[in-house]
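Written below as structure tokens is the structure these notes are about.
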Amino acid sequence: MTNETIKKVECSEIAHCLYQAMSRGSCRIIEESVTKPMKVWLIHKGKKVRQIIEEVMPGMKWLDWEPAITEPNGKIESIAAKFIEYLRTVQGDKVSTRMLKQALDLKKIPKSTFTAA
0 MTNETIKKVE
10 CSEIAHCLYQ
20 AMSRGSCRII
30 EESVTKPMKV
40 WLIHKGKKVR
50 QIIEEVMPGM
60 KWLDWEPAIT
70 EPNGKIESIA
80 AKFIEYLRTV
90 QGDKVSTRML
100 KQALDLKKIP
110 KSTFTAA
């Protein structure tokens, strides 16, 4: 099984669980052929989950979440901010991860932290 297939199945399962949870709210109550309105706060980083939910729940109104804190506050966020700052100064369109780690003195951070950033 490919990694892409696994990610598709995982995304589909997440969307299914979210759909099931939402379907237990006031939208399941129908009056005069119209469902009752309902507000749902879904916090998820993937856009594909949204696409799947829109297929089974057309007409949903989506609003983007505006974070209250815009400054990086965690290790991953602060490293990602360093990446962005550094990449804005680089000429060309390719930078190796080795070069990035060396330039930002990040050789000792765990691989998973670097990848997440």
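Under numbering that gives the first Met the number 0, the sequence shown is numbered contiguously, ending at residue 116.
The beta carbon of each residue, even a glycine, is placed where N, CA and C say it ideally should be.
By the 10 Å Cβ neighbour count, where 16 or more other Cβ atoms means buried, how is isoleucine 52 classified, buried or exposed?
Here the question's residue 52 lines up with position 53 in the sequence shown. So isoleucine 52 counts as buried.
> If you draw a straight line from the alpha carbon of isoleucine 75 to that of aspartate 104, how long is it in whole angstroms?
Replying inline: Indexing the sequence shown from 1 puts residue 75 at position 76. Indexing the sequence shown from 1 puts residue 104 at position 105. Each residue's Cα considered, the two are about 15 Å apart.
*Compute the distance between the beta-carbons of valine 48 and tyrosine 18, then report whether it is under 7 Å.*
Translated into positions along the sequence shown, residue 48 becomes position 49. Translated into positions along the sequence shown, residue 18 becomes position 19. Result no, Cβ atoms of valine 48 and tyrosine 18 do not sit closer than 7 Å.
TODO: Closer than 6 Å by C-beta to alanine 79: which residues in its own chain qualify, once you throw out the five before and the five after it? Chain order, please.
DONE: On the sequence shown, position 80 is the one that residue 79 refers to. So the qualifying residues of the chain are Ala116.
Q) According to the Cβ coordinates, are lysine 35 and isoleucine 28 closer than 7 Å? A) As a working note, residue 35 is residue 36 in the sequence shown. As a working note, residue 28 is residue 29 in the sequence shown. Contact: yes.
Discussion item. For a quick check, are the C-beta atoms of serine 22 and methionine 37 less than 7 Å apart?
Written reply: Position 23 of the sequence shown holds residue 22. Position 38 of the sequence shown holds residue 37. No, Cβ-Cβ distance for serine 22 and methionine 37 is not below 7 Å.
**Prompt:** According to DSSP, which residues form a beta bridge with valine 94?
**Reply:** On the sequence shown, position 95 is the one that residue 94 refers to. Valine 94 is not bridged to any residue.
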